[in-house]
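S.K.: Here the protein sequences come in this chain order: B and U. Per our numbering, residue 10 is the first one in the first sequence, and the count goes up by one each step. Per our numbering, residue 10 is the first one in the second sequence, and the count goes up by one each step. Don't be surprised by glycine CBs; every beta carbon is placed ideally from N, CA and C. Predicted model only: the values in this text are computed from it and were never measured. My questions will all concern the structure given below.
Protein chains: 2
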Amino acid sequence: MAFPPFAVTVDLVVFTIRDDQLCVLTIERGEAPFAGGQALPGGFVLPDEDLADAAARELAEETGVGKDAELERVHLEQLGTYGDPTRDPRMRTVSVAYLAFAAQLSEPIAGTDAAAAQWMPVASALTTSLAFDHGQILADGLERARAKLEYTTLAATFCRDEFTIADLRHVYELVWDVTIDPRNFHRKVLASEGFVEPTGEQTSQGRGRPAQLFTRGDATQLHPPIRR
Amino acid sequence: MAFPPFAVTVDLVVFTIRDDQLCVLTIERGEAPFAGGQALPGGFVLPDEDLADAAARELAEETGVGKDAELERVHLEQLGTYGDPTRDPRMRTVSVAYLAFAAQLSEPIAGTDAAAAQWMPVASALTTSLAFDHGQILADGLERARAKLEYTTLAATFCRDEFTIADLRHVYELVWDVTIDPRNFHRKVLASEGFVEPTGEQTSQGRGRPAQLFTRGDATQLHPPIRR
DNA sequence: GCGATTAATCGTCACACTGAGGATAATTGG
DNA sequence: CCAATTATCCTCAGTGTGACGATTAATCGC
């Protein structure tokens, strides 16, 4: 049976928080087209590979997040699919974009197709001209991430295993690019059942009064949501 | 350059309200695999066609919704992409699913690949074994539709040009499968700026007090949302 | 050591939105 | 005309929210 052949790729929008900034994983392309330009990590889906598996594989190749224990602390979800016939000058390509949230990871690893990989502040990435339609994919991923913080507990995915309410608030402030009243935020997080669980421990150092430490709770959805 | 070749299709989850039920457009497959079985409408993306264009084309082929004036009253959005290597026994296929909301349309039209097309009540479709992974796609589409009614004005897309608050409430009740207090719903819809605009006219017939008629407002998002 | 500073935590208050449900208005069918 | 039906308006108590005052417990500069 005849059908038009397509290349299918996955591209990743991987967010993390580093140096007090929301950052996205980018690579420097080693091959044409856009050789030397910045792009989102990604690659071809293998002939017998599921889409989500391909995304997880690419994530592992670029970040070293491979072990199950590490994957548990990374959120990975499908973002959308981009298939403009002109998006890749080489061939007809459809790209399935995935969105990932990660706590601070080790340094990124240049993958097979990439000359280099780095965490780029999102503010910079948005004003950089990215390869293909990756600028649009990044913008869509950022908007999805912002929306998801409102009604899910995914903000905690950006934090280490143990974190304070202030750490969590900082995630919201960086992703939404707003300032949040610490007192009201504190009240709302503690009122959201299953968002965070107290460990009983406290932070030992830093300015100001020590804060209680928490771990992620069981809930995935926030009731009520925390509005932008 | 070598790459694994994929077939790329679009599949459609088209919802409408008919005979007091939420219905989804299904076709009876005319070809193997699953010949004679029920499936969602869809087809191959053409070599130089954008994904959204392919979805709109398939929608037009199956429903006759082709003119721009008609398309304006249909909502079409990407739902998600399904690429399990085993989803199609013939070949490696990736399907980009689209979700459509439509007001009551004329009878569906059997497309080129379909023996027949019909509006099937969603309750039946969910218990029917659909071809490929279309059962999953339908379930995902229904959940997306339910969620979208909460925070967007898309419920009005299911209504005719002029409608009453009760018509709109009925959309929510059918999609969410709940009953809603008419008095509170009335208050909330009128309080949501830009959701509906009064025409000044009234319904002429039917039991009970005549109701005011409204048209869709300019807003796309609901503030505050109408919660399930 | 000591006050200034910083940050965490708790509390108060007015306001907005919600669900429950009472009351009234305007029709149709006998 | 009366009962049934549906639309519309209104009240009230409970809950979540933003703004912000107050207290607590640590560090910092000297």
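From the beta carbon of Pro94(U), is the nearest beta carbon of chain B less than 8 Å away?
M.R.: Taking the first residue of the second sequence as position 1, residue 94(U) is located at position 85. Interface residue, yes.
S.K.: Per the contact definition of three or more C-beta pairs closer than 8 Å, is the region 38 to 58 of chain U in contact with the region 20 to 31 of chain B?
M.R.: Remark: fewer than three beta-carbon pairs, one from each stretch, lie closer than 8 Å, so the region 20 to 31 of chain B and the region 38 to 58 of chain U are not flagged as touching.
S.K.: Report yes if the C-beta distance between Ala112(U) and Cys168(U) is below 8 Å; otherwise report no.
M.R.: Taking the first residue of the second sequence as 1, we reach residue 112(U) at position 103. Taking the first residue of the second sequence as 1, we reach residue 168(U) at position 159. Yes, Cβ-Cβ distance for Ala112(U) and Cys168(U) is below 8 Å.
S.K.: Measure the alpha-carbon distance for Ile36(B) versus Val184(B) and round it to whole angstroms.
M.R.: Taking the first residue of the first sequence as 1, we reach residue 36(B) at position 27. Taking the first residue of the first sequence as 1, we reach residue 184(B) at position 175. Going by the C-alpha atoms only, they are around 21 Å apart.
S.K.: Contact check, Pro234(U) vs Glu152(U) under 8 Å by CB: the rounded distance?
M.R.: The residue labelled residue 234(U) in the question sits at position 225 within the second sequence. The residue labelled residue 152(U) in the question sits at position 143 within the second sequence. Contact doesn't hold; Cβ gap of about 16 Å is too wide.
S.K.: Report all residues from its chain with a CB closer than 7 Å to the CB of Asp142(U); omit the five preceding and five following residues, and keep chain order.
M.R.: The residue you call residue 142(U) lines up with position 133 of the second sequence. Closer than 7 Å at the Cβ level, and outside the excluded window around Asp142(U), lie Tyr91, Asp93, Arg96.
S.K.: Would you call the CB atoms of Leu222(B) and Thr173(B) closer than 8 Å?
M.R.: Counting from one through the first sequence, the residue named residue 222(B) turns up at place 213. Counting from one through the first sequence, the residue named residue 173(B) turns up at place 164. Contact: yes.
S.K.: Let me know the secondary structure DSSP gives Ser133(U) once reduced to three states.
M.R.: By 1-based counting over the second sequence, the position of residue 133(U) is 124. DSSP places Ser133(U) in helix when its eight states are reduced to three.
S.K.: Closest to Asp62(U) by CA distance: which of Tyr107(U), Asn193(U), Gln211(U) is it?
M.R.: Within the second sequence, the letter at position 53 stands for residue 62(U). Tyr107(U) is the residue among Tyr107(U), Asn193(U), Gln211(U) whose C-alpha sits nearest the C-alpha of Asp62(U).
S.K.: Find the nearest neighbour of Leu34(B) within the set Glu70(B), Ala175(B), Val17(B), Ser213(B), judged by alpha-carbon distance.
M.R.: Along the first sequence, one-based indexing puts residue 34(B) at 25. Per the Cα distances, Glu70(B).
S.K.: Against chain U, does Gln87(B) count as a neighbour if the rule is that its beta carbon must be under 8 Å from one of theirs?
M.R.: Counting from 1 along the first sequence, the entry for residue 87(B) is found at position 78. Cβ-Cβ to chain U under 8 Å: yes for Gln87(B).
S.K.: For Arg169(B), name the three-state secondary structure that DSSP assigns.
M.R.: Taking the first sequence and counting its residues from 1, one reaches residue 169(B) at position 160. Arg169(B) falls in the coil class under three-state DSSP.
S.K.: I'd like to know if Arg101(B) contacts chain U, where contact means its C-beta is closer than 8 Å to some C-beta of that chain.
M.R.: Looking up residue 101(B) in the first sequence gives position 92. Closer than 8 Å to some Cβ of chain U, the Cβ of Arg101(B) qualifies, so yes.
S.K.: Which bits of chain U does Pro14(B) rub up against, with CB to CB less than 8 Å?
M.R.: By one-based count along the first sequence, residue 14(B) stands at place 5. Those within 8 Å of Pro14(B) in chain U are Pro14, Phe15, Ala16.
S.K.: Is Phe204(B) close to chain U, meaning its C-beta is less than 8 Å from at least one C-beta of that chain?
M.R.: To locate residue 204(B), count along the first sequence from 1; it is residue 195. With its beta carbon at least 8 Å from every one in chain U, Phe204(B) lies outside the interface.
S.K.: Tell me which residues share the same chain as Glu210(U) and place their Cβ nearer than 8 Å to its Cβ, disregarding the 5 neighbours each side in the sequence.
M.R.: If you number the second sequence from 1, residue 210(U) lands on position 201. Only Glu171, Gln221, Leu222 meet the Cβ criterion.
S.K.: Val105(B) versus chain U: which residues are under 8 Å apart at the beta carbon?
M.R.: Position 96 of the first sequence, counting from 1, holds the residue named residue 105(B). Result: Thr90, Gly92, Val103.
S.K.: Using alpha carbons as the reference points, say which of Glu86(B), Trp128(B), Arg101(B) lies closest to Gln30(B).
M.R.: Locating residue 30(B) in the first sequence gives position 21, counting from the first residue. The option with the nearest alpha carbon to Gln30(B) is Trp128(B).
S.K.: Cβ of Arg178(U) within 8 Å of Cβ of Phe194(U)?
M.R.: As a position in the second sequence, residue 178(U) is number 169, starting the count at 1. As a position in the second sequence, residue 194(U) is number 185, starting the count at 1. The answer is yes: Cβ separation under 8 Å.
S.K.: Would a C-beta distance cut-off of 8 Å place Pro50(U) and Glu67(U) closer than the cut-off?
M.R.: Counting from one through the second sequence, the residue named residue 50(U) turns up at place 41. Counting from one through the second sequence, the residue named residue 67(U) turns up at place 58. Contact: yes.
S.K.: Note the first and the last residue of the continuous alpha helix (DSSP H) segment covering Phe194(U).
M.R.: As a first step, residue 194(U) must be located in the second sequence, where it is residue number 185. Residues 191 to 200.
S.K.: Hey, does Phe53(B) have any beta-carbon neighbour from chain U nearer than 8 Å?
M.R.: What you label residue 53(B) is simply residue 44 of the first sequence in a count that begins at 1. So, interface residue.
S.K.: What three-state label does DSSP hand Glu70(B) in the structure shown?
M.R.: Against the first sequence, residue 70(B) aligns to sequence position 61. Glu70(B) falls in the helix class under three-state DSSP.
S.K.: Cutting at 7 Å between CB atoms, please list the residues of its own chain near Glu202(B), excluding the five before and the five after it.
M.R.: As a first step, residue 202(B) must be located in the first sequence, where it is residue number 193. Contacts found: Ala228.
S.K.: Identify whether Asp29(U) lies in helix, strand or coil by the three-state DSSP scheme.
M.R.: Taking the second sequence and counting its residues from 1, the one referred to as residue 29(U) is at position 20. Note: Asp29(U) maps to coil in three-state DSSP.
S.K.: What are the start and end residues of the beta strand (DSSP E) that includes Glu206(U)?
M.R.: Residue numbering aside, residue 206(U) sits at position 197 when the second sequence is read from its first letter. Note, Glu206(U): beta strand (DSSP E), 205 to 211.
S.K.: Starting from His84(U), trace the beta strand (DSSP E) in both directions and tell me its first and last residue.
M.R.: One-based indexing of the second sequence puts residue 84(U) at position 75. Element bounds for His84(U): 84 to 91.
S.K.: Compute the Euclidean distance between the alpha carbons of Gln47(B) and Ala65(U), then round it to the nearest angstrom.
M.R.: In the first sequence, the residue the question calls residue 47(B) occupies position 38. In the second sequence, the residue the question calls residue 65(U) occupies position 56. So the two alpha carbons sit approximately 33 Å from each other.
S.K.: Is Leu68(U) close to chain B? Criterion is C-beta to C-beta, closer than 8 Å.
M.R.: In the second sequence, residue 68(U) corresponds to position 59, counting from 1. With 8 Å as the cut-off, Leu68(U) does not count as an interface residue toward chain B.
S.K.: Using a Cβ-Cβ cut-off of 8 Å, state whether Pro191(B) counts as contacting chain U.
M.R.: One-based indexing of the first sequence puts residue 191(B) at position 182. At a cut-off of 8 Å, the C-beta of Pro191(B) has no neighbouring C-beta in chain U.
S.K.: My assumption, with CB atoms under 8 Å, is that Phe110(U) sits in contact with Phe15(B). Please give the rounded CB distance.
M.R.: Position 101 of the second sequence holds residue 110(U). Position 6 of the first sequence holds residue 15(B). That belief does not hold up - the Cβ atoms of Phe110(U) and Phe15(B) are roughly 28 Å apart, past 8 Å.
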